[in-house]
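Numbering (my numbering), first residue to last: 210 to 453. Here's the structure we're looking at; comments come further down.
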């Protein structure tokens with residue numbers, strides 16, 4: 210049978226052929242033809258013919274519009290997230306970040322590594338909470354505060370040889386501060402062994418109205434030597450030294 214004649218049994222009749230302006234149905238026969246059957250009449254015709262499977266212009270236009278809307282929405286979400294990220298703090302940022310002081314004073318290379326706790330509205334140095342009178346404080350937060358000097362330092366009549374040490378502070382109710390230089394290193398800040406004390410250095414303490422929110426340790430030149438300064442809340446404790 211030639212392809213020009215279409216029997217009534219053939220479901221791929223000319224009536225099923227898409228006409229201009231009409232949308233072609235999903236299937237031209239009883240079921241969706243497989244890829245292998247495209248171009249054949251399954252009933253009688255052995256010749257091949259072409260059935261267009263390309264989307265219509267209307268479908269293509271609608272698909273492109275949807276894609277454009279999706280890209281625009283993603284762009285707006287990205288801009289919004291970036292803007293919010295610039296205003297928010299990093300949730301993983303530590304409450305007491307580590308900081309270091311690296312300087313040279315009177316020919317001595319000095320390095321102090323410590324954690325910086327924040328006041329956060331607390332009343333400090335009142336003998337309550339973690340800052341009880343007479344207790345030894347880690348002079349920072351978390352890991353121990355480490356102090357390194359390349360030359361011997363003289364704190365008045367007290368000499369600290371070159372080396373690396375841990376710094377603690379003892380605070381008394383009468384306002385007396387002592388800088389404790391301990392030989393034990395690489396420990397957690399609360400691990401204090403008094404037997405490892407090298408020296409205890411008296412500090413000069415002043416108080417003013419300026420509040421230091423985040424504790425700070427400074428080493429500054431002063432006269433022929435320098436000063437080691439611990440500042441927090443409204444207090445500033447100073448230990449003067451010279452290099453040998």
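Here a beta-carbon is modelled for each residue, glycine too, at the ideal position from N, C-alpha and C.
Residue i: first and last residue of the uninterrupted beta strand (DSSP E) it sits in
i	result
residue 416	406-431
residue 307	307-314
residue 441	434-452
residue 386	386-391
Distance between residue j and residue i (C-alpha atoms, nearest Å)
i	j	result
residue 392	residue 325	22 Å
residue 362	residue 453	6 Å
residue 430	residue 450	9 Å
residue 335	residue 342	8 Å
residue 446	residue 435	14 Å
residue 468	residue 411	The first residue shown for the chain is 210 and the last is 453, placing residue 468 beyond what the model contains.
residue 423	residue 388	19 Å
residue 307	residue 323	6 Å
residue 369	residue 425	22 Å
residue 337	residue 432	37 Å
residue 416	residue 383	13 Å
residue 305	residue 329	11 Å
residue 396	residue 419	33 Å
residue 297	residue 276	No answer about residue 297 holds up, because its pLDDT of 47 lies below 50 and its placement is not dependable.
residue 407	residue 394	12 Å
residue 413	residue 437	11 Å
Member of the options whose CA lies at the smallest distance from the CA of residue i
i	options	result
residue 443	317, 434, 331	331
residue 345	401, 425, 310	401
residue 311	427, 431, 453, 440	427
residue 367	409, 306, 440	409
residue 405	390, 413, 399	390
residue 386	439, 432, 403, 359	439
residue 208	322, 309, 347, 327	Any property of residue 208 remains undetermined from this structure, which presents the chain solely from 210 to 453.
residue 318	360, 417, 384, 369	360
residue 327	313, 349, 397	349
residue 399	420, 425, 340	340
residue 421	313, 441, 277	441
residue 380	333, 372, 417, 365	333
residue 448	364, 371, 407, 382	364
residue 372	432, 274, 414, 321	321
Any chain C beta carbon closer than 8 Å to residue i
i	result
residue 348	In summary, chain C is missing from the structure at hand, where a single protein chain is found.
Can you list the beta strand (DSSP E) stretches of 3 or more residues lying completely in the segment 317-380, in chain order?
-> 317-324, 354-358, 362-364, 367-369, 372-380
Are the segment 339-356 and the segment 366-385 touching, with three or more C-beta to C-beta distances below 8 Å?
-> yes
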